[in-house]
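Enquirer: Residue numbers (the numbering used here): 266 to 700.
All residues carry an ideal CB built from backbone N, CA and C; glycine is no exception.
Here's what the structure looks like:
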């Protein structure tokens with residue numbers, strides 16, 4: 266155990282000066298996975314800057330060290346984007362800004378389908394057009410000679426409430442924090458790919474190759490899960506060619522039957538699968554918390570999916586709506602056919618892996634926009650916090666009415682792999698199950 270790094274990281278926790286007031290160990294029951302977890306009580310950032318630290322943060326791991334680093338890292342990841350230098354911001358339309366500066370054209374930014382604006386015209390989202398005036402912020406385009414490139418600030422900071430016109434619902438996709446600078450960048454890129462691949466799979470109902478659960482994989486699961494569950498894993502690696510896995514788990518807990526999902530992108534498919542297992546493992550205590558909270562709120566999911574407004578709603582939805590579990594049948598019934606090397610070693614360094622990803626994106630003609638949002642206090646306890654934004658990739662939304670359905674990729678990539686490519690009207694209309 267690296268006590269030096271742990272002690273430095275714990276400087277983030279203080280009831281007076283910490284970015285976290287408290288760390289709270291997640292309660293667990295005897296049948297829960299053998300995973301440690303922490304929740305946090307964040308500081309109130311409105312005393313320090315213009316935005317409020319939004320959302321929940323938590324972390325998990327198979328040991329105390331990994332759990333602490335995960336929890337504090339995710340907290341730093343969510344804390345940092347609440348701050349921005351107002352001197353960097355340029356309030357202008359794309360048409361005005363692009364006269365003197367390099368900026369991403371709105372047509373290159375994968376946000377919403379035109380029909381979403383038609384059906385949600387009473388909500389506060391404005392279509393991003395070349396003549397819409399909003400705040401823009403400089404980023405570094407890693408695939409185009411590190412060119413300074415402006416992008417809407419709402420797509421970088423979380424939250425960003427300075428603009429009068431909102432072009433998106435905030436999402437944490439592409440935010441990352443780590444004690445290693447290159448790992449932070451790599452993890453952020455991986456998350457962008459993972460979310461894009463999952464949304465493609467879910468919205469287009471892609472019957473991706475199901476991974477055969479070998480003895481090694483089953484043993485790995487059995488060592489970490491005492492309860493018997495039904496597992497399904499899928500290789501959802503598409504045109505970006507970076508190993509990505511999607512997993513579904515059906516099980517029983519003290520609160521009843523549950524379905525949990527996870528996805529991950531990593532350097533090898535075995536590492537991606539291991540990360541999926543960990544992600545699913547932390548849902549057991551989280552579901553317990555969500556169900557308790559929703560009970561207090563008297564929240565009852567109906568067939569009006571537009572009432573699903575955030576990721577907590579998505580988490581609770583299928584816990585309450587067992588009658589809709591048929592949505593998983595197409596994946597559940599796929600016959601496993603893909604063998605994987607579960608123990609394949611990563612051959613590339615983190616820097617080499619980043620360069621590999623950048624080559625893929627450059628070939629596709631995509632931008633990889635980088636913003637270092639590390640604050641001085643985050644550096645003091647040993648972390649870096651960054652944002653990667655890849656405009657052409659699909660993000661995962663937390664508000665059902667505003668899923669990110671405007672990307673060209675959503676309507677073209679499946680066909681490249683021989684799958685049915687549905688138009689907007691025939692996309693999967695059921696809510697995704699991601700927590």
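Please return the same chain residues whose Cβ sits closer than 7 angstroms to the Cβ of residue 556, not counting the five positions on each side in sequence.
Expert: On the chain shown, residue 556 is found 291 positions in, with the first residue counted as 1. Answer for residue 556: 520, 581 and 584, listed in chain order.
Enquirer: For residue 565, tell me which candidate among 546, 547 and 586 has the shortest Cα-Cα distance.
Expert: For the purposes of this step, residue 565 is identified with residue 300 of the chain shown, where counting begins at 1. The shortest C-alpha separation from residue 565 is found at 586.
Enquirer: Can you say whether residue 516 is buried or exposed, counting buried as having 16 or more other CB atoms within 10 angstroms of its CB?
Expert: What you label residue 516 is simply residue 251 of the chain shown in a count that begins at 1. The residue is buried, with at least 16 neighbouring Cβ atoms inside 10 Å.
Enquirer: DSSP state of residue 306, grouped into three classes?
Expert: Counted from its first residue, the chain shown places residue 306 at position 41. Note: residue 306 maps to strand in three-state DSSP.
Enquirer: Can you tell me whether residue 514 is helix, strand or coil according to DSSP?
Expert: Within the chain shown, residue 514 is the residue found at index 249, counting from 1. In this structure, residue 514 counts as strand in the three-state DSSP scheme.
Enquirer: With three or more C-beta pairs closer than 8 angstroms as the rule, is the segment 337-350 touching the segment 279-298?
Expert: Contact holds: three or more Cβ-Cβ distances are below 8 angstroms.
Enquirer: Does DSSP put residue 479 in a helix, in a strand, or in coil?
Expert: Residue numbering aside, residue 479 sits at position 214 when the chain shown is read from its first letter. Three-state result, residue 479: coil.
Enquirer: In the DSSP assignment, what residue or residues form a beta bridge with residue 441?
Expert: Taking the first residue of the chain shown as 1, we reach residue 441 at position 176. DSSP lists 651 as partners of residue 441.
Enquirer: Excluding five sequence neighbours on each side, which residues of the same chain lie with their C-beta closer than 6 angstroms to the C-beta of residue 601?
Expert: Mapped onto the chain shown, residue 601 falls at position 336. 475 and 477.
Enquirer: Report the option in 522, 329, 424 and 508 whose CA atom is closest to the CA atom of residue 275.
Expert: The count along the chain shown starts at 1 and reaches residue 275 at position 10. Nearest option by C-alpha distance: 329.
Enquirer: From residue 348 to residue 427, what does the alpha carbon distance come to, in whole angstroms?
Expert: Here residue 348 refers to the residue found at position 83 of the chain shown. Here residue 427 refers to the residue found at position 162 of the chain shown. Straight-line Cα distance between these residues: approximately 12 angstroms.
Enquirer: Report the option in 485, 298, 691 and 466 whose CA atom is closest to the CA atom of residue 697.
Expert: As a first step, residue 697 must be located in the chain shown, where it is residue number 432. Ranking the options by Cα distance to residue 697, first place goes to 466.
Enquirer: Between residue 616 and residue 407, how many whole angstroms is the CB-CB distance? I'm expecting something under 8 angstroms.
Expert: If you number the chain shown from 1, residue 616 lands on position 351. If you number the chain shown from 1, residue 407 lands on position 142. The pair is not a contact, with the Cβ atoms about 12 angstroms apart (cut-off 8 angstroms).
Enquirer: Compute the distance between the beta-carbons of residue 599 and residue 450, then report whether it is under 8 angstroms.
Expert: Translated into positions along the chain shown, residue 599 becomes position 334. Translated into positions along the chain shown, residue 450 becomes position 185. No.
Enquirer: Note down the Cα distance separating residue 364 from residue 639, rounded to an integer number of angstroms.
Expert: What you label residue 364 is simply residue 99 of the chain shown in a count that begins at 1. What you label residue 639 is simply residue 374 of the chain shown in a count that begins at 1. So the two alpha carbons sit approximately 30 angstroms from each other.
Enquirer: Just grab the DSSP bridge partners of residue 500 for me.
Expert: If you number the chain shown from 1, residue 500 lands on position 235. 510, per the DSSP bridge assignment.
Enquirer: For a quick check, are the C-beta atoms of residue 277 and residue 656 less than 8 angstroms apart?
Expert: Position 12 of the chain shown, counted from the first residue, corresponds to residue 277. Position 391 of the chain shown, counted from the first residue, corresponds to residue 656. The answer is no: Cβ separation not under 8 angstroms.
Enquirer: Inspect the beta-carbon positions of residue 664 and residue 560 and report whether they are closer than 8 angstroms.
Expert: Against the chain shown, residue 664 aligns to sequence position 399. Against the chain shown, residue 560 aligns to sequence position 295. Cβ distance not < 8 angstroms, so residue 664 and residue 560 don't count as in contact.
Enquirer: Going by DSSP, what residues sit across from residue 596 in a beta bridge?
Expert: As a working mapping, residue 596 is identified with position 331 in the chain shown. Per DSSP, none; premise fails for residue 596.
Enquirer: Counting along the chain, where does the beta strand (DSSP E) carrying residue 401 start and finish?
Expert: As a working note, residue 401 is residue 136 in the chain shown. Per DSSP, residue 401 belongs to the beta strand (DSSP E) from 399-406.
Enquirer: Can you look up residue 676 in the DSSP assignment and give me helix, strand or coil?
Expert: Within the chain shown, the letter at position 411 stands for residue 676. Looking at residue 676 - three-state DSSP - the assignment turns out to be helix.
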